[in-house]
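Peer 1:
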Amino acid sequence: MQLLDWPFLDALQTGALAALFVSFGTDAFSRRDKMMGWLSLSCLLVGLRHAVLAVGTLPTLNPDLVDRAQSLLVAFGFIALTAAFAELFPAQVPRRFPVWIALAMIPNYIRNLLLPHPSFLDTWMHNAANIIYLVGCGCILHWTLQARQNGDPMGRRLFPGFLGLTLPVVIEIAALSLFDQKIRLSGFSLVALAMGIGTSWRWLVSNAMEANLQSAEAEVDVWRSLIPGSAFRTDRPSPLMDGLFGPSWPDRIRSAPDQPLVGSDGFTYRFRSRFLHENERVGWYERDEETQPGHQGFLSGWTVGLGMDDPSENARIQSLLRSWGADVQLWGTIPPREGPYPSVLLWAREPSILSVWREDDLGRRRPRWIQIGGPITDGPHARLAFGPSESGLQRTLERLLSRG
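In full-length UniProt numbering, the protein residues as written are 1 to 404.
Okay, structure coming up:
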């Protein structure tokens, strides 16, 4: 039974690294991820190295040129790998670590570009380059162990794998330096290493995105709780929105987010919303008083009792109430002892005088009245200074009537 020959193994490693280059490169480009970009470049360079080795077995190619090309490619691939580690563990790996490795590889550049093979100086420079690989792998293991001890999730997941996958690299370097045997299996180590880094990195990114999503959802819920009854999400049911705008309100908001809607109470409502996800939106609504048709008749259907000492002020407020659609009942300064009583009372007296009514528990009656002028007293009522402005009186009435 014939064992697999080296060109087949090199071709196998080339194909695996090319697949990782495409996968990681696409991910790096789509997410602008530097770590995945450097890892993808490392897979490409080392994959090209094994492609050169696989093709270099052809008798028409110069073995010396093949050896020089593969040596340079593996050096550049290792530099790209150190850059990926600098992005992977920024708290442990110095930012200049890839630069240090690139400068330490100068003897390797010189021997491949300038020196004849073989020669005495070529051999020593080759051994120096191999020592740089070993030192670089040792530093990577040391910093990965530090990250593991510091609780870094990538360090916990990757350190055992790094420890095992550096063994083929050490064996390859030792076999070449001590016995002049070329056992090129480091490509398989890079395949496993790249797969471990890539899958772990994607796991970390996915977990981070899930945590951010949950945090955003929690923040949305907090903001919605600050405006209860007025907030909405088009991807969640809302009986209040259904009752006010009908069951089709989510589709209407999705199709025209800035379009006001008329509620079942006859008022127009403005919407303030933001994009949530896909075509869904989140926001709140508020009643549009300024553009509401017939706004001047907001007191239609309400009976308002009016009792003022000053005749001119009494006439002015009476005119305003009637213009707003109210049915005005003119009271004197003494309230009637028998009902029916008005829905709203505007009166230039303190609330305690209303104890003449047969129901003494004014809080339980939830009466709506506005005291105009007079002493400041406690009670379930609103108070305005004498001679209130039209806008101030209107806002106070709207606030009282909105209590239901």
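No residue lacks a Cβ here, since even glycine has one placed at the ideal position from N, Cα and C. No experiment lies behind these values; they were computed from the predicted model shown.
Give the DSSP-derived three-state secondary structure of His277 in the structure shown.
Peer 2: His277 falls in the strand class under three-state DSSP.
Peer 1: Between which two residues does the alpha helix (DSSP H) carrying Phe232 extend?
Peer 2: That residue, Phe232, is in no alpha helix (DSSP H); its beta strand (DSSP E) goes Ala231 to Arg233.
Peer 1: Apart from the five residues on each side of it in sequence, which residues of its chain come closer than 7 angstroms, Cβ to Cβ, to Val93?
Peer 2: Around Val93: Phe85, Ala86 and Trp143.
Peer 1: Among the candidates Glu278, Gly283 and Val262, whose CA atom is the shortest distance from the CA of Asp221?
Peer 2: Residue Gly283 is the option with its Cα nearest to Asp221.
Peer 1: Can you list, in chain order, the residues of its chain with a C-beta nearer than 6 angstroms to that of Glu280? Leave out the 5 residues immediately preceding and following it.
Peer 2: So the list reads Thr234 and Asp235, once near-sequence residues are dropped.
Peer 1: Taking the alpha carbon of Leu72 as the reference point, which residue from Glu313, Ala54, Tyr109 and Phe89 has its own alpha carbon closest?
Peer 2: When each option's Cα is compared against that of Leu72, the closest is Tyr109.
Peer 1: Assuming Gly136 and Ile106 form a contact by the criterion Cβ under 8 angstroms, report the distance between their Cβ atoms to the nearest whole angstrom.
Peer 2: So it is not a contact: roughly 14 angstroms between Cβ atoms.
Peer 1: Specify the secondary structure class of Ile370 as computed by DSSP and reduced to three states.
Peer 2: Three-state result, Ile370: strand.
Peer 1: For Ala256, name the three-state secondary structure that DSSP assigns.
Peer 2: Note: Ala256 maps to coil in three-state DSSP.
Peer 1: May I ask you to verify whether the stretch 25-34 touches the stretch 59-68, counting CB pairs closer than 8 angstroms and requiring at least 3?
Peer 2: Taking 8 angstroms as the limit for Cβ pairs, the verdict is that the stretch 59-68 does not touch the stretch 25-34.
Peer 1: How should Phe386 be labelled, buried or exposed, when 16 other C-beta atoms within 10 angstroms of its C-beta is the threshold for buried?
Peer 2: Looking at its Cβ environment, which holds fewer than 16 other Cβ atoms inside 10 Å, Phe386 is exposed.
Peer 1: Return the chain-ordered list of same chain residues with a C-beta closer than 8 angstroms to the C-beta of Ala91, the five sequence neighbours on each side being excluded.
Peer 2: Closer than 8 angstroms at the Cβ level, and outside the excluded window around Ala91, lie Ala147, Asn150 and Asp152.
Peer 1: Are the stretch 35-44 and the stretch 63-70 touching, with three or more C-beta to C-beta distances below 8 angstroms?
Peer 2: Judged by Cβ distances under 8 angstroms, the stretch 35-44 makes no contact with the stretch 63-70, as fewer than three pairs qualify.
Peer 1: Could you tell me the alpha carbon to alpha carbon distance between Asp288 and Leu244, rounded to whole angstroms?
Peer 2: One C-alpha to the other measures close to 14 angstroms.
Peer 1: Residues in its own chain within less than 6 angstroms of Asp122 by CB, not counting five upstream and five downstream?
Peer 2: These residues qualify, in order along the chain: Arg111 and Leu115.
Peer 1: So, is Val46 buried or exposed, given that buried needs 16 or more other C-beta atoms within 10 angstroms?
Peer 2: Label assigned to Val46: buried.
Peer 1: What first and last residue would you give for the alpha helix (DSSP H) that runs through Leu400?
Peer 2: Counting along the chain, the alpha helix (DSSP H) containing Leu400 begins and ends at Glu390 to Leu401.
Peer 1: For my contact list, Phe78 and Leu44 are in at a C-beta cut-off of 8 angstroms; report their separation, rounded to the angstrom.
Peer 2: With a Cβ gap of about 13 angstroms, Phe78 and Leu44 do not count as contacting.
Peer 1: Which stretch, first to last residue, makes up the beta strand (DSSP E) that contains Ala382?
Peer 2: It spans Ala382 to Leu384 - the beta strand (DSSP E) in which Ala382 sits, taken as one unbroken run.
Peer 1: Would you give the residue range spanned by the beta strand (DSSP E) that Thr303 belongs to?
Peer 2: Start and end: Thr303 to Gly307.
Peer 1: Would you mind stating whether Val344 and Arg368 have Cβ atoms separated by less than 9 angstroms?
Peer 2: A contact, by the Cβ cut-off of 9 angstroms.
Peer 1: Look at Ile197 and Leu48 and say whether their C-beta atoms are less than 9 angstroms apart.
Peer 2: No; because the gap between Cβ atoms is not below 9 angstroms, this pair is not in contact.
Peer 1: Just checking my contact of Pro342 with Gly305 at CB under 8 angstroms: how many whole Å lie between their CB atoms?
Peer 2: Right, their Cβ atoms sit about 4 angstroms apart.
Peer 1: Leaving out the 5 sequence neighbours to the left and right, which residues in its chain are closer than 7 angstroms to Arg145 when beta-carbon positions are compared?
Peer 2: Before going further, note that residue 145 is Leu rather than Arg in the sequence given. The residues are Phe159.
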